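Student: Dropping the structure in here first, questions after.
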Amino acid sequence: EAGVVQSPRYKIIEKKQPVAFWCNPISGHNTLYWYLQNLGQGPELLIRYENEEAVDDSQLPKDRFSAERLKGVDSTLKIQPAELGDSAVYLCASSSERGPTTMNTGELFFGEGSRLTVL
Amino acid sequence: QKEVEQNSGPLSVPEGAIASLNCTYSDRVSQSFFWYRQYSGKSPELIMSIYSNGDKEDGRFTAQLNKASQYVSLLIRDSQPSDSATYLCAGFYGQNFVFGPGTRLSVLP
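Residue numbers (this note's numbering), protein chains in the order written: chain A, -7 to 111; chain B, 40 to 148.
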């Protein structure tokens, strides 16, 4: 079974340029997450989807970040314009489980990440 | 206070020793906890979950949860160089997972 696929793996851009990241979750996983991970830090949630609905985007900086999940499968995260502080790894994760319950295994399947460098 | 806190390390232990990784959490974090392992340059992977007070063992790994003290730990027995990685503690905050900053473990041969 294929895992979570992300692209591109690496992206170097100049500040003020746009950038987009793509994620294909594991087949059948309805829940999709985008996380941001800075060096030496844990992943921080940007947005969570249940199917095509963004159920939590409270941490997404909406002035420059946008995301979509058309048809409840693939997802795209966009930054426009990029700033120096956006340099980080952008992780996509998927799960077959909805929200936290006592029976939730807590297993998120992460992609390899997209490393962004803004110059 | 951050929702989930960990000592960033690095924690260095000799091969064969017990590595003890610790995590504390705020009372806003619900009491199901997860340990993820992240090798350098790779993505996190789940290695243990614990939902109730006490110990949970899986092979060389033991997770411990103490709700009264708001404390979660991961013990790795017979540590191997291949265990060298960053270990992330995670819990539920609202409807989402929240991760600690991770503890970097180095197992010395």
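Using N, Cα and C, we set each Cβ at its ideal position, and we do this for glycine too. All of these numbers come straight from a predicted model, not from anything done at the bench.
With contact counted as at least three CB pairs below 8 Å, one residue from each stretch, are the region 44 to 64 of chain B and the region 122 to 141 of chain B in contact?
Tutor: They touch, by the three-pair rule.
Student: In the DSSP assignment, what are the bridge partners of Gly130 of chain B?
Tutor: As a first step, residue 130 of chain B is located in the second sequence; it is residue number 91 there, counting from the start. Gly130 of chain B pairs with B:Phe72 and B:Val137.
Student: Considering only their Cβ atoms, is the gap separating Glu104 of chain A from Ser121 of chain B smaller than 7 Å?
Tutor: Along the second sequence, read from residue 1 onward, the residue named residue 121 of chain B stands at position 82. Along the first sequence, read from residue 1 onward, the residue named residue 104 of chain A stands at position 112. Not a contact, by the Cβ cut-off of 7 Å.
Student: In terms of alpha-carbon separation, which member of A:Leu76, A:Ile71 and A:Ser87 lies closest to Asn43 of chain A?
Tutor: Along the first sequence, one-based indexing puts residue 43 of chain A at 51. Of the candidates A:Leu76, A:Ile71 and A:Ser87, the one whose C-alpha sits nearest the C-alpha of Asn43 of chain A is A:Ser87.
Student: What does Gln33 of chain A touch in chain B if you count any residue whose Cβ is under 8 Å from its own?
Tutor: Taking the first sequence and counting its residues from 1, one reaches residue 33 of chain A at position 41. Within 8 Å Cβ-Cβ: Pro140 and Gly141.
Student: Around the Cβ of Asn92 of chain B, are there at least 16 other Cβ atoms within 10 angstroms (buried) or fewer (exposed)?
Tutor: Reading the second sequence from its first residue, position 53 is the one you call residue 92 of chain B. That one is exposed.
Student: What in chain B is Cβ-close to Arg1 of chain A, meaning under 8 Å?
Tutor: Position 9 of the first sequence, counted from the start, is the residue given in the question as residue 1 of chain A. In chain order: nothing, as chain B lies at least about 10 Å away.
Student: Compare the C-alpha of Ser108 of chain B against each of B:Ile57, B:Ala56, B:Gln70 and B:Val52 and name the closest.
Tutor: Residue mapping note: residue 108 of chain B aligns to position 69 of the second sequence, counting from 1. Nearest C-alpha to Ser108 of chain B: B:Gln70.
Student: Assign Thr109 of chain A to buried or exposed, taking buried as 16 or more other Cβ atoms, counted over all protein chains shown, within 10 Å of its Cβ.
Tutor: In the first sequence, counting from the first residue as 1, residue 109 of chain A sits at position 117. By the 10 Å Cβ count, Thr109 of chain A comes out exposed.
Student: Using the Cβ count rule (16 or more neighbours within 10 Å means buried), how would you classify Ile39 of chain A?
Tutor: Against the first sequence, residue 39 of chain A aligns to sequence position 47. Ile39 of chain A should be labelled buried.
Student: Below 7 Å on C-beta distance, what does Asn135 of chain B contact in chain A?
Tutor: Residue numbering aside, residue 135 of chain B sits at position 96 when the second sequence is read from its first letter. What Asn135 of chain B touches in chain A: Leu37, Arg40 and Asp48.
Student: Counting only Cβ pairs nearer than 9 Å, list the residues of chain A close to Leu127 of chain B.
Tutor: Walking along the second sequence from the start, residue 127 of chain B turns up at place 88. What Leu127 of chain B touches in chain A: Gly34 and Pro35.
Student: Out of B:Val146, B:Gly80 and B:Arg99, which has the shortest C-alpha to C-alpha gap to Met87 of chain B?
Tutor: The residue given as residue 87 of chain B occupies position 48 in the second sequence. Ranking B:Val146, B:Gly80 and B:Arg99 by Cα distance to Met87 of chain B puts B:Arg99 first.
Student: For Leu62 of chain A, name the three-state secondary structure that DSSP assigns.
Tutor: What you label residue 62 of chain A is simply residue 70 of the first sequence in a count that begins at 1. Leu62 of chain A falls in the helix class under three-state DSSP.
Student: Would you please verify whether the beta carbon of Gly64 of chain A is less than 7 Å from any beta carbon of chain B?
Tutor: The sequence position of residue 64 of chain A within the first sequence is 72, counting from 1. Chain B contact via Cβ: absent.
Student: How about Phe73 of chain B and Pro35 of chain A: are their beta carbons less than 7 Å apart?
Tutor: Numbered from 1 along the second sequence, position 34 holds the residue referred to as residue 73 of chain B. Numbered from 1 along the first sequence, position 43 holds the residue referred to as residue 35 of chain A. No.
Student: Look at the Cβ atom of Ile142 of chain B, then the Cβ atom of Leu50 of chain B, and state whether they are nearer than 7 Å.
Tutor: Within the second sequence, the letter at position 103 stands for residue 142 of chain B. Within the second sequence, the letter at position 11 stands for residue 50 of chain B. It is worth fixing the name first, because residue 142 of chain B is Thr in this sequence and not Ile. Yes, they are a contact pair.
Student: By DSSP, does Gly77 of chain A sit in helix, in strand, or in coil?
Tutor: The sequence position of residue 77 of chain A within the first sequence is 85, counting from 1. Helix, per DSSP.
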